[in-house]
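S.K.:
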Amino acid sequence: MDVFIASAFFTESSVIDELVQKGCHIRIVIRLGFPTLPAALEKLLKHNKVEARYFTSNSFHPKFYIFGDKKVLIGSANLTCSALLSNQEVMVSLNSSDSRFDELKSLFADYWEEASVLTKEAINNYRSIYNKFGKLDSLIKQLDDSVIDKLGDKNFSNISRGKKKVNRESIFQDTYYKSYQESVYAFRCIEETYITFERKISENSIPLRLEIDSFFSFVRDRHASTDIWKRQAVGWTNSQKANLKVLIDEWLTIHWKHFEDTIVPINYPLITQVFGSVQSIKSAPMHDIVEALCVLHSFHDRFRFYKGGLETLKTTFIDTNNEQKVKKTLCYLLYGKDDIVKRMSNCIHDSEYELNEFGPANVQELVGWINKENLPVINGRTTKVLRYFGFEVKQLGG
Numbered sequence: 144m145d146v147f148i149a150s151a152f153f154t155e156s157s158v159i160d161e162l163v164q165k166g167c168h169i170r171i172v173i174r175l176g177f178p179t180l181p182a183a184l185e186k187l188l189k190h191n192k193v194e195a196r197y198f199t200s201n202s203f204h205p206k207f208y209i210f211g212d213k214k215v216l217i218g219s220a221n222l223t224c225s226a227l228l229s230n231q232e233v234m235v236s237l238n239s240s241d242s243r244f245d246e247l248k249s250l251f252a253d254y255w256e257e258a259s260v261l262t263k264e265a266i267n268n269y270r271s272i273y274n275k276f277g278k279l280d281s282l283i284k285q286l287d288d289s290v291i292d293k294l295g296d297k298n299f300s301n302i303s304r305g306k307k308k309v310n311r312e313s314i315f316q317d318t319y320y321k322s323y324q325e326s327v328y329a330f331r332c333i334e335e336t337y338i339t340f341e342r343k344i345s346e347n348s349i350p351l352r353l354e355i356d357s358f359f360s361f362v363r364d365r366h367a368s369t370d371i372w373k374r375q376a377v378g379w380t381n382s383q384k385a386n387l388k389v390l391i392d393e394w395l396t397i398h399w400k401h402f403e404d405t406i407v408p409i410n411y412p413l414i415t416q417v418f419g420s421v422q423s424i425k426s427a428p429m430h431d432i433v434e435a436l437c438v439l440h441s442f443h444d445r446f447r448f449y450k451g452g453l454e455t456l457k458t459t460f461i462d463t464n465n466e467q468k469v470k471k472t473l474c475y476l477l478y479g480k481d482d483i484v485k486r487m488s489n490c491i492h493d494s495e496y497e498l499n500e501f502g503p504a505n506v507q508e509l510v511g512w513i514n515k516e517n518l519p520v521i522n523g524r525t526t527k528v529l530r531y532f533g534f535e536v537k538q539l540g541g
């Protein structure tokens, strides 16, 4: 069941834990401000089936809980220990037949669209402020102001009068966080089923996420070719799950030459050798860097747009990019201190890091190959296959 939660305050993560254990997929929008607990926020990010977003404005004050297409609870209770255990709260239950049910679903969709994605970086920034002011009730207003100063005034548009002007970087970054979050969630749903099967290749030889990436290649080539992927119904249904299991069975019984004979013994060792550390990137000649980038499906397959093919693509990348900037960007993307999704966004939209002939699909795919957070490869092929399985994700080129 899909559960949608809009709660101004959030301190009680055990409710989320219980819903996840029951197989629920949760989307939650909360406000960063007292008494919302940083520790409770951290627990949200540990669940693959939880997507979390936030506002910072103290005008964000709803409390409603939508349970699939069955009912909604709306009233005075936030998702806090006090609300659940000690406060006098009033909640009203509305069935899906009530006209207000669809209105509340639409309102949540509006909240979700405008809220910012909750990340480790946002939680760390919030914690530093919370620890400073959290025990001083008299300074709650100052805490709220500090959250807005640090994280920006994240407010739902009908709460404040007039539209705020947002700079180019924050517009693209916020949009990017949201679309990437949706793609990663969809991948986790596929992964959840995939791990119930035997591995094709052991984890010692290649990470699971890259085996699934090659499974996606198989699906795209054999079952979701041309525009078949576009014509599938939207929704992660039991029928889609059953189809996924059939295709995994088929995949595990065949020899996929590119994966087993090229990716595992050649490509994965090559890309980890060149991009496996900051030092290896800095010491690599441009020729080796480009050869390693050609491991990326989204980068390699762009050769068809170049007269002269792959060699022209390689030469163009080298000729149109400064070597030091290339190394700076790759070191930042793979090993920088910022949140990894922020780093990806900056490498796409920030001129300080943006490279020629290296677009969004290339950035996301490279991170899928080299990262400590176990993030998957997200490229144009990935998004088409995810759409084939019913997930409505933003499509990338490639």
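All letters in the sequence shown, in the order written, are residues 144 to 541 by my numbering. C-beta atoms are modelled at their ideal positions from N, C-alpha and C, and glycine is treated no differently.
(1) Which runs of the alpha helix (DSSP H), 4 residues or longer, sit entirely within the segment 439-477?
(2) Going by other Cβ atoms of all chains shown within 10 Å of its Cβ, with 16 needed for buried, is Ala116 buried or exposed?
(3) To the nearest angstrom, report how far apart Ser326 and Pro503 are at their CA atoms.
(4) Cα separation between Glu194 and Lys527?
(5) Do the segment 358-367 and the segment 510-517 touch if we need at least three Cβ pairs shorter than 8 angstroms?
(6) Considering only residues of the segment 189-231, which uninterrupted beta strand (DSSP E) runs meet the minimum length of 3 residues and lie entirely inside it, listed in chain order?
(7) Pairs of beta-carbons, one from the segment 248-265 and one from the segment 286-300, closer than 8 angstroms: are there three or more?
(8) Whole angstroms are fine: how far does the CA of Pro519 sit from the CA of Asn201?
(9) When the Cα atoms are used, what is the spatial distance from Arg342 to Ile209?
(10) Under DSSP, the alpha helix (DSSP H) around Arg524 begins and ends at which residues?
(11) Rounded to whole angstroms, what's the CA-CA distance from Leu216 to Ile355? Just pull it up for me.
(12) Just to confirm, are Asn221 and Phe153 a CB contact at a threshold of 9 angstroms?
(13) For Met234, report the span of its beta strand (DSSP E) as first-last.
(14) On a Cα-Cα basis, can you pick out the residue from His440, Ser271, Lys480 and Thr455 that is closest to Val506?
(15) Go ahead and pull the three-state DSSP assignment for His366.
(16) Are the segment 465-478 and the segment 422-441 touching, with three or more C-beta to C-beta distances below 8 angstroms?
(17) Identify, in the order they occur along the chain, each residue of the same chain with its Cβ nearer than 6 angstroms to the Cβ of Glu508, setting aside the five sequence neighbours on each side.
(18) On the criterion of 16 or more Cβ atoms from any shown chain inside 10 Å, does Ala329 qualify as buried, or is it exposed?
(19) Expressed to the nearest angstrom, what Euclidean distance is found between the alpha-carbon atoms of Ala427 and Val417?
(20) Please report how far the alpha carbon of Glu232 lies from the alpha carbon of Met144, in whole angstroms.
(21) Would you verify that the beta carbon of Val520 is, or is not, closer than 9 angstroms to some beta carbon of chain C?
(22) Taking the straight line between their C-alpha atoms, what separation do you get for Ser423 and Val469?
(23) Look at the alpha carbon of Ile483 and the alpha carbon of Leu477, and state the distance between them as a whole number of angstroms.
(24) In chain order, what residues of the same chain lie with their CB nearer than 6 angstroms to the CB of His443, ignoring the 5 residues before and after it?
(25) Which of helix, strand or coil does DSSP assign to Val327?
(26) Within this structure, are the beta carbons of Ala151 and Lys206 separated by less than 9 angstroms?
(27) Between the Cα of Ala86 and those of Tyr531, Ser322, Pro350 and Lys450, spot the shortest distance and give me the residue it belongs to.
(28) Measure the Cβ-Cβ separation of Val172 and Ala149 and say whether it is below 9 angstroms.
(29) Kindly indicate which residue of Phe251, Cys332 and His204 has the alpha-carbon position closest to the one of Arg170.
(30) From Phe203 to Asn386, what distance separates their C-alpha atoms?
(31) Taking the C-alpha atoms as reference points, what is the distance between Asn464 and Phe446?
M.R.: Checking against the coordinates, here is how it stands:
(1) Fully enclosed alpha helix (DSSP H) runs of 4 or longer: 440-443 and 453-463.
(2) Residue 116 is absent from the model: the chain starts at 144 and stops at 541.
(3) Those two C-alpha atoms are separated by around 13 angstroms.
(4) Their backbone Cα atoms lie some 21 angstroms apart in a straight line.
(5) They do not touch, by the three-pair rule.
(6) Counting only runs of 3 or more residues that sit fully inside the segment 189-231, the beta strand (DSSP E) segments are 193-198, 206-210 and 214-218, in chain order.
(7) Yes, the segment 248-265 touches the segment 286-300.
(8) Asn201 and Pro519 have their C-alpha atoms roughly 35 angstroms apart.
(9) One C-alpha to the other measures close to 37 angstroms.
(10) Unbroken alpha helix (DSSP H) run through Arg524: Gly523 to Tyr531.
(11) Each residue's CA atom was taken as its position, placing Leu216 and Ile355 some 38 angstroms apart.
(12) A Cβ-Cβ contact shorter than 9 angstroms links Asn221 with Phe153.
(13) Met234 to Asn238 is the extent of the beta strand (DSSP E) around Met234.
(14) Of the candidates His440, Ser271, Lys480 and Thr455, the one whose C-alpha sits nearest the C-alpha of Val506 is His440.
(15) Here His366 sits in coil by DSSP.
(16) The segment 465-478 and the segment 422-441 touch, with no fewer than 3 CB-CB distances between them shorter than 8 angstroms.
(17) Once the five neighbours on either side are set aside, the close Cβ partners of Glu508 are Leu439, Ser441, Val520 and Asn522.
(18) Burial call: buried.
(19) Cα to Cα, Ala427 sits roughly 7 angstroms from Val417.
(20) So the alpha carbons of these two residues sit roughly 25 angstroms apart.
(21) Judged by its chain identifiers, the structure shown contains no chain C, having just a single protein chain.
(22) Answer to the nearest angstrom: the Cα atoms are 13 angstroms apart.
(23) Taken atom to atom, the span from the alpha-carbon of Ile483 to that of Leu477 is near 8 angstroms.
(24) Excluding residues within five positions, the ones whose Cβ falls inside 6 angstroms are Cys437.
(25) Helix.
(26) It is a contact, given that the beta carbons lie within the stated cut-off.
(27) Nothing can be reported for residue 86: it is not among the residues displayed for the chain, which extend from 144 to 541.
(28) Contact: yes.
(29) Nearest C-alpha to Arg170: Phe251.
(30) Taking the straight line joining both Cα atoms gives about 41 angstroms.
(31) Their backbone Cα atoms lie some 17 angstroms apart in a straight line.
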